[in-house]
Each structure stands twice: as C-alpha cells, then as structure tokens.
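A.B. asks: What follows is a structure written as structure tokens; I'll ask about it next.
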Amino acid sequence: MKLGRKLDYGWRLLGTAFSFACFGLGGVLLSVTLFPLIRLVSHDKDSTRRRIQRAMQHSFRVFLWQMTFLGVISYEVSGRERLAQRGRLIVANHPSLIDVVLLIALLPEVDCIVKQALWRNPFLRWPVAWADYIPNNSSAEEMVKSAAANLRAGRSLIVFPEGTRSVPGQPLQMQRGAARIALAAGVEILPVTILCEPSTLTKAEPWYHIPPRRAHWRLLVGKPLPAADYAPAGMPEALAARHLTEHFVNYFSDSTGATAQAGRGAGAAMASNCTMH
Amino acid sequence: MDSKEDIHNRLKAVLVELFEIEPAKITPEANLYQDLGIDSIDAIDLLLRLKELTGRKIQPETFKHVRTVADVTEAIHALQTSEAAAGSAAPPA
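The following block contains the structure:
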C-alpha cells in the first residue's frame, strides 16, 4: 500500500512535469505552425478569429485528454448543455491554474481577457491577437466597452471576477469589471462554479506541489441570469454593478463553500447529474 | 461660488447616490479608492455626475492625482475660483 502510494505520487509528479512541458512547447509549436497557417488561409479578421478560437479549443481538449490519460487530473461537468448558447458572459470562480483551459475546451468560440505578459511573449502574442482576445492593459473603461460590444454581437466571453486565482481558505474577493461588462452589454450571465479537490495549482503553489491524490475538478454550470434583473430603471450603473458583484460573491461563496457557509454543500447537491470523463 | 463645505456636502450626496457609500465613512480625509471602494470605472461615472451638477468639467488628468474626498472638493473649488477670477479679469467677448 505504502509503495503503491509512492509509485502513484511519483507517476503523477512525472506526468505533471511532462504535461507542463507539453503545454509550453505545444504552445510555441502551434504558434509557429498551425496558428499562422490558419491566419494565412483565412480571408478576414472575423473568420481568423473563429478558426483560431476553435483551434485553441481543440488544442486544450487534447491537452486535457492527455492529462486525464496520464492520470494527473480528472474532471466532470454538470449542466454542460447550457454552454451551447452564444452571446453570454460566462462568469467563474478561479481556484486553479487550469480553469481557463477547462472552460475554453468546453466552448467552441469564446473570448477571454488575457494578461499583459502574453502580449509580450514573442510566440503567443500573435495567436492571442488573431483570436481577438482582450488585453487587460487598456483602460478599464475601454475594456468594458469593447467586451460589451462583442457580447452584443453574439460572441461569448469568459471572465473571472476575482481577477486572479482565489486564495484558499479566504473569503472570495471580486472586482466589479465583470458586472460592468454584463450591465453595459445587457446580456445573460452564465455562472460556472469550479471545484477542485484536493486543492492544487493554486496561486500560492509551484507546479511540483502535487496533491496527495489525483485532483478532481467539477464544473457546475448554473442557471443563466439576465443582467437586466440587477438594473432597475433609473438606478446608476455603478450601483447596479455593486449589487450584481455582491450577488456573484454570495453565489460563488455558497456554491464553493468558501465562507462561513462552508459545509452546507451546495456543490455536492448540484453535482448529481454529472457526466464523467 | 460655493464654500468648500457646500461642495463637500454635495459631493457626499453624490457618493451616496451613485455608490451607496455609508455617509459616516465620507470624511474629507477618506481615500476614494482604499476607504470608499471606488474603482477606475466608478471614477469616470463620478466625473460625469459632478459635471452635470456643477456644470464644470474636471479634467481626467487632474483626477488622476486625486486621492481623497478633500482632493475632489479642492479640485471643484479651484475650478470655480479660476473661472470666477477669469470672469472678473476678462469678461467674455
């Protein structure tokens, strides 16, 4: 038993190292092969974006399949059918490094907000630009404007209102940008709760800090919520954004058990009709 | 021209109306960003609302240096003073 555990741990550590290497090298490789090729054969900006976004989805799918196959991770999704509808703001909590990989892998064409470091990366800056992902270096006002315009045009967008990965054991802290985007666009919000057990790949941990057993992710796709529900006529948008953000904090605290309500197990109750991978 | 106290009170009313900030928290020393939880997009809304109320436009450039409630009061007061001065020195043609 003890030896078995050691072997399992060693295997997962190797698998994790291998996966990280593949992710980095694969990203560079695709950036100089498949992505430029797609760019070359696409006649306009919009078809480039669609194709690149789809290529991103398939690359991330392959990556997740590989990690699952190696036994490094496992994951399940409930309420997946709700992801089919376009033009929604997908709002998720952010426990781990691979959250965005999981979400992009599940969504055929989706925008996301990409941090500045990627726009300076000599390889990845081109694919993220072709995918028309939103840089977070422009002013907050411009970011909200362009994100809202894209949503109104029927494109979907992933936002993590926490802005960065959660601090385990701490109450959730959320910024109001996601609520601002939803209100400016007037679209539906689709909340996705991400649970990872045991916790791993958090902000505080290096990649080789792997958990004692294989980590399992559960993605719980909630019910869509019209942003307009939080914007009664005459209410200043700043105030509506505060109320909506408060709702996000309560919703995700409840569904992840992140605050005093821990142990109520909203997540466990919601995960009854999951599909395994 | 309004006294600084008048300006402070009107600013306070705006902060309560736009952001539901607890009135007791809105002291002249309160930091807009750290103490009152205003973010960069809120700041733009605040500027627009102040322009509607005072008829004077605080330049976003000026607002970048604003940190406290008193700084905003000062900025509005300075605008009113400079306009009053400009008005008496050289009446509009």
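From first to last, the protein sequence lines are chains S and E.
For what it's worth, our numbering labels the leading residue of the first sequence as 1, then goes sequentially.
For what it's worth, our numbering labels the leading residue of the second sequence as 1001, then goes sequentially.
Backbone N, C-alpha and C define an ideal beta-carbon position, used for all residues, glycine too.
1) Taking DSSP's pairing of strands, which residues face S:Arg218 in a bridge?
2) Quick check on DSSP: helix, strand or coil for S:Ala286?
3) Mind listing the chain B neighbours of E:Ile1007? Cutoff is C-beta to C-beta under 9 angstroms, in chain order.
4) Using a Cβ-Cβ cut-off of 8 angstroms, state whether S:Glu317 counts as contacting chain E.
5) Closest to S:Ala227 by CA distance: which of S:Ala21, S:Arg242, S:Arg120, S:Val221 is it?
6) Let me check understanding here. Comparing Cα to Cα, which of S:Phe252, S:Pro236, S:Glu237, S:Leu201 lies closest to S:Ile98?
7) Around the Cβ of E:Leu1015, are there at least 16 other Cβ atoms within 10 angstroms (buried) or fewer (exposed)?
8) Does DSSP put S:Leu14 in a helix, in a strand, or in coil?
9) Based on DSSP bridge pairs, tell me the residues matched to S:Ile52.
10) For the putative contact between S:Thr193 and S:Leu220, defined by C-beta atoms under 8 angstroms, what is the C-beta separation to the nearest angstrom?
11) Sorted by chain position, which residues of the same chain lie with C-beta nearer than 6 angstroms to S:Pro168's C-beta, five sequence neighbours on each side aside?
12) Can you name the start and end residues of the alpha helix (DSSP H) that E:Ala1043 belongs to?
13) Any contact between the segment 119-139 of chain S and the segment 58-75 of chain S? By contact I mean 3 or more CB pairs, one from each, below 8 angstroms.
14) Determine whether the Cβ of E:Ile1044 lies closer than 8 angstroms to any Cβ atom of chain S.
15) So that I know if they touch, is there some Cβ in chain E lying closer than 8 angstroms to that of S:Ala238?
16) What's the gap between the Cα of S:Leu14 and the Cα of S:Gln116?
17) Taking 8 angstroms as the cut-off, decide whether the C-beta atoms of S:Leu195 and S:Arg218 are in contact.
18) Counting beta carbon pairs with one atom in the segment 1051-1058 of chain E and one in the segment 1024-1043 of chain E, are three or more of them shorter than 8 angstroms?
19) Residues in the same chain with beta-carbon distance under 7 angstroms from S:Leu83, minus the five sequence neighbours each way, listed in chain order, please.
20) Using 8 angstroms as the limit for Cβ to Cβ distance, is E:Pro1091 near chain S?
21) Using the Cα positions of S:Glu237 and S:Val28, report the straight-line distance between them to the nearest angstrom.
22) Quick one: Cα of E:His1008 to Cα of S:Ala233, how far?
23) Relative to the C-alpha of S:Val144, which candidate in S:Leu37, S:Pro161, S:Ala131, S:Ala129 has its C-alpha closest?
C.D. replies: Quick look at the numbers:
1) Here residue 218 of chain S is taken as the residue at index 218 of the first sequence, counted from 1. DSSP lists S:Glu76, S:Leu195 as partners of S:Arg218.
2) The structure shown does not extend to residue 286 of chain S, since chain S is modelled only from 1 to 277, so the question has no answer here.
3) The chain inventory of the structure shown lacks chain B, comprising the protein chains S and E.
4) In the structure as shown, chain S begins at 1 and stops at 277. Residue 317 of chain S is therefore absent and cannot be evaluated.
5) Within the first sequence, numbered from 1, the residue matching residue 227 of chain S stands at position 227. The shortest CA-to-CA distance from S:Ala227 to any of S:Ala21, S:Arg242, S:Arg120, S:Val221 is the one to S:Arg242.
6) Counted from its first residue, the first sequence places residue 98 of chain S at position 98. When each option's Cα is compared against that of S:Ile98, the closest is S:Leu201.
7) One-based indexing of the second sequence puts residue 1015 of chain E at position 15. Buried, because 16 or more other Cβ atoms sit within 10 Å of the Cβ of E:Leu1015.
8) Numbered from its first residue, the first sequence carries residue 14 of chain S at position 14. Helix at S:Leu14.
9) Here residue 52 of chain S corresponds to residue number 52 of the first sequence, with the count starting at 1. Paired residue(s): none; S:Ile52 is not in a bridge.
10) If you number the first sequence from 1, residue 193 of chain S lands on position 193. If you number the first sequence from 1, residue 220 of chain S lands on position 220. About 4 angstroms separates the two Cβ atoms, so the contact holds.
11) As a working note, residue 168 of chain S is residue 168 in the first sequence. If we look at S:Pro168 and ignore the five residues flanking it on each side, its Cβ neighbours are Ser199, Thr202.
12) Indexing the second sequence from 1 puts residue 1043 of chain E at position 43. E:Ala1043: member of the alpha helix (DSSP H) spanning 1040-1054, first to last residue.
13) Taking one beta carbon from each stretch, the segment 119-139 of chain S and the segment 58-75 of chain S have fewer than 3 pairs nearer than 8 angstroms; the two do not touch.
14) Indexing the second sequence from 1 puts residue 1044 of chain E at position 44. Yes, because at least one Cβ of chain S sits closer than 8 angstroms to the Cβ of E:Ile1044.
15) Looking up residue 238 of chain S in the first sequence gives position 238. For S:Ala238, the answer is yes, since a Cβ of chain E falls inside 8 angstroms of its Cβ.
16) Numbered from 1 along the first sequence, position 14 holds the residue referred to as residue 14 of chain S. Numbered from 1 along the first sequence, position 116 holds the residue referred to as residue 116 of chain S. Rounded to whole angstroms, S:Leu14 to S:Gln116 spans 30 angstroms at the Cα level.
17) Translated into positions along the first sequence, residue 195 of chain S becomes position 195. Translated into positions along the first sequence, residue 218 of chain S becomes position 218. Their beta carbons are under 8 angstroms apart, which means S:Leu195 touches S:Arg218 by this criterion.
18) Contact between the segment 1024-1043 of chain E and the segment 1051-1058 of chain E is absent, because fewer than three Cβ pairs lie under 8 angstroms.
19) Taking the first residue of the first sequence as 1, we reach residue 83 of chain S at position 83. Exclusion of the five residues before and after S:Leu83 leaves Leu106, Leu107, Val221 as the residues of its chain whose Cβ lies within less than 7 angstroms of its Cβ.
20) By 1-based counting over the second sequence, the position of residue 1091 of chain E is 91. The predicted position of E:Pro1091 is uncertain, since its pLDDT is 49 and thus under 50; a value taken from the coordinates is nonetheless stated next. Not an interface residue.
21) To locate residue 237 of chain S, count along the first sequence from 1; it is residue 237. To locate residue 28 of chain S, count along the first sequence from 1; it is residue 28. Roughly 42 angstroms between the two C-alpha positions.
22) As a first step, residue 1008 of chain E must be located in the second sequence, where it is residue number 8. As a first step, residue 233 of chain S must be located in the first sequence, where it is residue number 233. If I take the Cα positions, the gap works out to 28 angstroms.
23) Along the first sequence, one-based indexing puts residue 144 of chain S at 144. For S:Val144, the nearest C-alpha among the options comes from S:Pro161.
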